[in-house]
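Data first, discussion second: the structure below is written as structure tokens.
In the working numbering, the protein residues as written are 149 to 372.
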């Protein structure tokens, strides 16, 4: 948490008109190569662990983003399984599109994909949840590192109660990451851009100044 706050502070000092808010992204369902008992190639994080991070976020005025890696399950099953947490005002949703595979495929071995209509169904569900429970706007982050991973992207759009972030989450050479962001975010706008930075896999690790120079400047920056 201390490291997260220091990283957040760096962005707030660069852009004081838009002070950054710390956020924890926790993988709530983890894709795996083993089919497991239900044959869906995913493992749910136990409630005890989610609640631990929810408490940590609340105590530190941070957000908690629950990420779903779908395996062979569908988006709505996973979103509905997190409903009790999404009813908390500081908890938001992320969809890890690359791990959604078809029958006969294995996440991590086969590159998955999702349809934009299914993503939009989740956005609408979260929007209704916020409206019906008097919650502040929710954020839904859609992770993507290659164009082929999301079909029918034009079906994805923000709603009155949900802000949508298309997050470019590839790692590697900085110049290629900038190019990917331009292709996936600048050229295919939905609402907000997001950008992922890897402490150990990027060459070199882009500074906050360099991240904010992207066009458009990312509204969401996540570190791994």
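Even glycine gets a Cβ: it sits at the ideal position worked out from N, Cα and C.
Values in this document were obtained by computation on a predicted structure and should not be read as measured data.
With residue i as the anchor, note down where its beta strand (DSSP E) starts and where it stops.
i           : result
residue 177 : 171-179
residue 345 : 340-345
residue 119 : No answer is possible for residue 119: the residues shown for the chain start at 149 and end at 372.
Report, in whole angstroms, the separation of the C-beta atoms of residue i and residue j, which I expect to be a contact under 8 Å.
i           : j           : result
residue 168 : residue 214 : With 8 Å as the limit, residue 168 and residue 214 do not qualify as a contact, their Cβ atoms being about 20 Å apart.
residue 155 : residue 179 : So it is not a contact: roughly 26 Å between Cβ atoms.
residue 331 : residue 295 : 7 Å
residue 298 : residue 334 : So it is not a contact: roughly 16 Å between Cβ atoms.
residue 239 : residue 202 : 7 Å
residue 369 : residue 359 : 6 Å
residue 293 : residue 246 : 7 Å
residue 220 : residue 249 : 6 Å
residue 288 : residue 271 : 5 Å
residue 291 : residue 243 : 7 Å
residue 231 : residue 277 : 7 Å
Buried or exposed: residue i, going by 16 or more other Cβ atoms within 10 Å of its Cβ?
i           : result
residue 371 : exposed
residue 317 : buried
residue 273 : buried
residue 342 : buried
residue 281 : exposed
residue 182 : exposed
residue 174 : buried
residue 344 : buried
residue 234 : buried
residue 324 : exposed
Leaving out the 5 sequence neighbours to the left and right, which residues in its chain are closer than 6 Å to residue i when beta-carbon positions are compared?
i           : result
residue 304 : 264, 267, 268, 338
residue 340 : 313, 367
residue 328 : 316, 318
residue 349 : 319
residue 275 : 307, 309, 310
residue 283 : 237
residue 208 : 149
Between which residues of its own chain and residue i is the CB-CB distance below 7 Å, once the five residues before and five after are set aside?
i           : result
residue 300 : 263, 264, 265
residue 226 : 177, 216, 218
residue 346 : 319, 372
residue 206 : 238
residue 163 : 360
residue 363 : 334
residue 356 : 158, 159, 162
Quick one: give me the first and last residue of the alpha helix (DSSP H) that residue i is part of.
i           : result
residue 320 : It is not in any alpha helix (DSSP H) - residue 320 carries neither H nor E in the DSSP assignment.
residue 151 : 150-162
residue 357 : 356-360
Establish whether the CB of residue i and some CB of chain C are separated by less than 8 Å.
i           : result
residue 329 : No chain C appears in this structure, which consists of one protein chain only.
Among the residues of its own chain, which have a CB less than 8 Å from the CB of residue i, if the five just before and after it don't count?
i           : result
residue 351 : 320, 321, 322
3 or more residues per run - each beta strand (DSSP E) lying fully within the segment 167-252: 171-179, 190-192, 211-219, 239-248
Length at least 4, wholly inside the segment 264-315: the alpha helix (DSSP H) runs in chain order: Counting only runs of 4+ residues, the alpha helix (DSSP H) found wholly inside the segment 264-315 occupies 264-280, in chain order.
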